[in-house]
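Okay, so here's the structure we're looking at.
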Amino acid sequence: VRFANGRLERPESLRFTVYRSRDAAHPRKRHRRILVSETERLCYVGHNFGSEVTKCNSLCRYFVGVLDKSSGQMEVYNAEIFNMQPLLSGGSCWLLCPSQSALFPWQGARTIPSGCIWERGAQRGQAGAWVGTVEGGSHSQSVTAQVQPCLVSSGCVPSGVHRVSRGVLCALQVDLCIEAFGTSKQKRALSARRMNAVGSDVVSTAVTKAAASIIEARGVTALVQDVAQDDVQNISAFLPPCHEEADRPEHVYKFEDILSPAEYEALRVPAAALANVTAEEVAKRAEERSLCSFVLEELKFLPTDEKSRDHKARCLWFLDTLIKFSQQKVIKKKHPMGPECPHIISKKLMKNFTSLTYNNGSIQNLISASMKAKITAYVIALALHINNFQTDLTVLQNDMKLSESRILDIAKALRLRVSKAKGEPGLEGDQSHKLGTLSLPLPAQKAPEGQRKRRKMN
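The numbering used here applies: residue 43 is where the sequence shown begins, and numbers increase by one.
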């Protein structure tokens, strides 16, 4: 349950009662439920049918999991959301017929005149009083009628009592009746309602003045930029640190933010095989598909300078490791990339590119969709450093097994300019490839436009 006017401080102090529809044969009515709870100050009612019910139950399925700490197993049950509304005094109005007897304080027992509007003052299911105001004639006076109330539901009303519309009863008259004859519970509810009541015109005026002052102080342009900045904050959490004030492309995404000096030094031994690779070995690895297409293509153009050759080999080895790591789902091994992978690199992959999940009584490392997007962003940033800040996004897309729209969204979040180029003859045929270029000044960062419309299939 959730309460419309606040949250519970002591849930154990509440007791709930569920009422089910008796019409079990009707396909719709048999699922109707009414949930009732009572606190020291108010009664709350929630139901799963009617025009005022939220659509969350029809659009989603809810479950409640109960974890057995001794066995480590969780049992899952179907659940339903009930929006509990406070049952305020004055919400239900009833009219007693002229034939009903009542006790008038000024004339004794007699027949109640026509035009008396009544409201029950006792709790549900208990004997109590119906308090109201006599309307009509030249005066208006408060009266009390001793009746035996019942649990009111659809089709169940006291004998001789007829329901009238809510607009007939004046709110001021109801409050006066509660002040004079209401129970202590009703009086507390009335006091709370009066304290929380704020006129709609006052709220509207205050909001208008506040909005006008903010717009006048900051301007519309600044406010729009603030909204755009809030939209991209969630995106930036999965991207390498971006230095927008950089004066050169290599300083936008610094190499030290992708690989620390200690991690870069640890790659010297495993990357030595790539630095000394021959053309025959490249062809053999292409047949075995032991390296991704991007790395195989870049190995054909290793620099002749020893220092530059070693640097590019280290970057290619780490990029290939990132791509292979992204293909996994749940990490179960202590060394997911094999014993040849340095410990500091394995620790970096587990810490920065996985999320923790609880399954079968143990904690596991999971590569979720958001973590795969983060890996893709770091792969693109590293590929930019390898290829002089222009890289083939289509080759990386095929290696990471992503859709074109997905990798383009990540590239645009990295502030790249995307253009078309003809692909290499050996890479996925002659399809049109997308190039991502990092150049200054950086384009404005935009939040994703949401889910694209699906094309209709004939």
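Yeah, the Cβ is synthetic: ideal placement off N, Cα and C, and Gly gets one too.
| Item | Value |
| --- | --- |
| Cβ neighbour criterion (16 or more within 10 Å) applied to Gly261 | exposed |
| Reduced DSSP secondary structure (H/G/I, E/B, other) of Asn47 | coil |
| Cβ-Cβ separation, Glu305 to Ile409 (assumed contact under 8 Å), whole Å | Ile409 to Glu305, Cβ: 20 Å. No contact. |
| Enclosing beta strand (DSSP E) for Met379 [first to last residue] | It is not in any beta strand (DSSP E) - Met379 carries neither H nor E in the DSSP assignment. |
| Buried versus exposed call for Gln369 [16 or more other C-beta atoms within 10 Å across all chains shown] | exposed |
| Contact the segment 325–337 vs the segment 382–397: 3+ CB pairs below 8 Å | no |
| Buried versus exposed, by CB contacts within 10 Å (16 or more), Gly403 | exposed |
| Per DSSP, cross-strand counterpart(s) of Val87 | Val78, Gln127 |
| Residue environment, Met126, which counts as buried when at least 16 other CB atoms sit within 10 Å | buried |
| Beta-carbon gap between Ile256 and Leu424 smaller than 9 Å | no |
| CB contact flag (Ala67, Phe280, <9 Å) | no |
| Selected residue, minimal CA-CA separation from Leu480, among Ala313, Pro291, Leu444, Ala254 | Pro291 |
| Nearest residue (CA-CA) to Thr436, options Leu477, Ser63, Leu364, Pro128 | Leu477 |
| Which of helix, strand or coil DSSP assigns to Ala313 | coil |
| Close Cβ partners of Asp347 (< 8 Å) along its chain, the five nearest in sequence each way excluded | none |
| N-terminal and C-terminal residue of the beta strand (DSSP E) that Asp441 is part of | Premise fails: Asp441 lies in the alpha helix (DSSP H), 435–442, not in any beta strand (DSSP E). |
| Between the CA atoms of Lys371 and Asn430 - distance to the nearest angstrom | 32 Å |
| Three-state secondary structure (DSSP) of Phe58 | strand |
| Unbroken alpha helix (DSSP H) run spanning Ala455, endpoints | 446–455 |
| Per-residue burial, Gln439 [other beta carbons within 10 Å of its own, 16 or more giving buried] | buried |
| Start-to-end residues for the beta strand (DSSP E) that takes in Leu109 | 104–110 |
| Burial state of Pro53 (16 or more Cβ within 10 Å) | exposed |
| Touch test, the segment 337–356 against the segment 449–461, Cβ-Cβ under 8 Å, three pairs minimum | no |
| Three-state secondary structure assigned by DSSP to Glu339 | helix |
| Beta bridge counterpart(s) of Thr399 as assigned by DSSP | Gln406 |
| Among Ala121, Gly92, Ala231, the one whose alpha carbon lies nearest that of Cys102 | Ala121 |
| Residue burial classification, Tyr86 (beta-carbon count within 10 angstroms, cutoff 16) | buried |
| Beta-carbon proximity of Glu82 to Lys227, cut-off 9 Å | yes |
| Counterpart residues of Thr538 in DSSP-defined beta bridges | Nothing about residue 538 can be read from this structure; the chain reaches only from 43 to 500. |
| Sheet register partners of Val372 (DSSP bridge) | Leu408 |
| Residue from Phe45, Cys219, Glu298 whose Cα sits closest to the Cα of His427 | Glu298 |
| Nearest residue (CA-CA) to Thr59, options Ser79, Ser93, Phe343 | Ser79 |
| Candidates Glu117, Ile365, Ser112, Pro381: closest to Phe395 by CA position | Ile365 |
| Classification of Pro312 by the beta-carbon crowding that lies within 10 angstroms, buried from 16 upward | buried |
| Asn401 burial status per 10 Å Cβ neighbour count (16 or more: buried) | exposed |
| Backbone secondary structure at Val262 - three-state DSSP | helix |
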